[in-house]
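Data first, discussion second: the structure below is written as structure tokens.
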Amino acid sequence: MHFASHLLAILLTVAPASVYAKKDCQHWRTVFDIGDCKNTVCPSQKLDKFKDGFEKNKVAWEAWANDKRNGGTCGGYCEVPVEFTPPNSIGTTWKMNCYAHLFELPLEFKDE
């Protein structure tokens, strides 16, 4: 299913969201979405079709964020998937916000 490979690619390219201090942890967010809107028309499908894919990505994200080499004692989690309408589109699709509270910035985002 294209869903899982699409979301795993996003997992590998985490971008910073709001960053603020709390126990010296950096706060990151990534969004997993279905990406099934064509020409601004979303198919408005039921969540059941995508539940397994979201669950696999949630497990992978939380394992990565809670790995002591990544998150230290800070950890991470994912929210439940939510239905939404992307800007300038009609119909709906699904997304899931995931957060990681990293002990320090990943190497690819550090200044040399």
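Residues -21 to -1, 1 to 91 (mature numbering (1 follows the signal peptide of the UniProt record, and there is no 0)) are what the sequence shown spells out, left to right. We put the beta carbon where it would ideally sit given N, CA and C, even for glycine. Just so it is clear, the structure is predicted and the values come from calculations on it, not from any experiment.
So Cys57 packs on Trp40, CB below 8 Å; how close in whole Å?
Residue 57 sits at position 78 when you count from the first residue of the sequence shown. Residue 40 sits at position 61 when you count from the first residue of the sequence shown. Contact between Cys57 and Trp40 holds: their C-beta atoms lie close to 6 Å from each other, under 8 Å.
Taking only the alpha-carbon atoms, compute the straight-line gap between residue 94 and Tyr78 and give it to the nearest angstrom.
Because the chain in this structure spans residues -21 to 91, residue 94 falls outside the shown range and cannot be described.
For Lys74, I'd like the list of residues in its chain whose CB is within less than 8 Å of its CB, leaving aside the five on either flank, ordered along the chain.
What you label residue 74 is simply residue 95 of the sequence shown in a count that begins at 1. Answer for Lys74: Val10, Phe11, Asp12, Ile13, Pro60, Val61, Phe63, listed in chain order.
Using only alpha-carbon positions, find the residue among His80, Ile69, Leu81 that is nearest to Gln24.
Within the sequence shown, residue 24 is the residue found at index 45, counting from 1. For Gln24, the nearest C-alpha among the options comes from Ile69.
Could you give the residue range of the alpha helix (DSSP H) that holds Val38?
Counted from its first residue, the sequence shown places residue 38 at position 59. Looking at the DSSP string, the run of the alpha helix (DSSP H) that includes Val38 is 30 to 45.
What did DSSP end up calling Asn49 once you bin it into helix, strand or coil?
Reading the sequence shown from its first residue, position 70 is the one you call residue 49. Helix at Asn49.
What three-state label does DSSP hand Lys27 in the structure shown?
Reading the sequence shown from its first residue, position 48 is the one you call residue 27. Checking the displayed sequence, the identity of residue 27 turns out to be Asp instead of Lys. Asp27 falls in the helix class under three-state DSSP.
Per DSSP, Asn76 forms a beta bridge with which residues?
Residue 76 sits at position 97 when you count from the first residue of the sequence shown. Bridge partners of Asn76: Val10.
For Gly55, report the span of its beta strand (DSSP E) as first-last.
Residue numbering aside, residue 55 sits at position 76 when the sequence shown is read from its first letter. In the DSSP annotation of this structure, the continuous segment of the beta strand (DSSP E) that includes Gly55 starts and ends at 55 to 57.
Just to confirm before moving on: does the CB-CB distance between Gly54 and Ala44 stay below 8 Å?
Reading the sequence shown from its first residue, position 75 is the one you call residue 54. Reading the sequence shown from its first residue, position 65 is the one you call residue 44. Closer than 8 Å, so yes.
Please look up how many angstroms separate the CB atoms of Met72 and Asp15, rounded, as I've assumed it's under 8 Å.
Here residue 72 is taken as the residue at index 93 of the sequence shown, counted from 1. Here residue 15 is taken as the residue at index 36 of the sequence shown, counted from 1. According to the sequence shown, residue 72 is Thr rather than Met. At roughly 6 Å, the Cβ-Cβ gap stays under 8 Å, so Thr72 and Asp15 are in contact.
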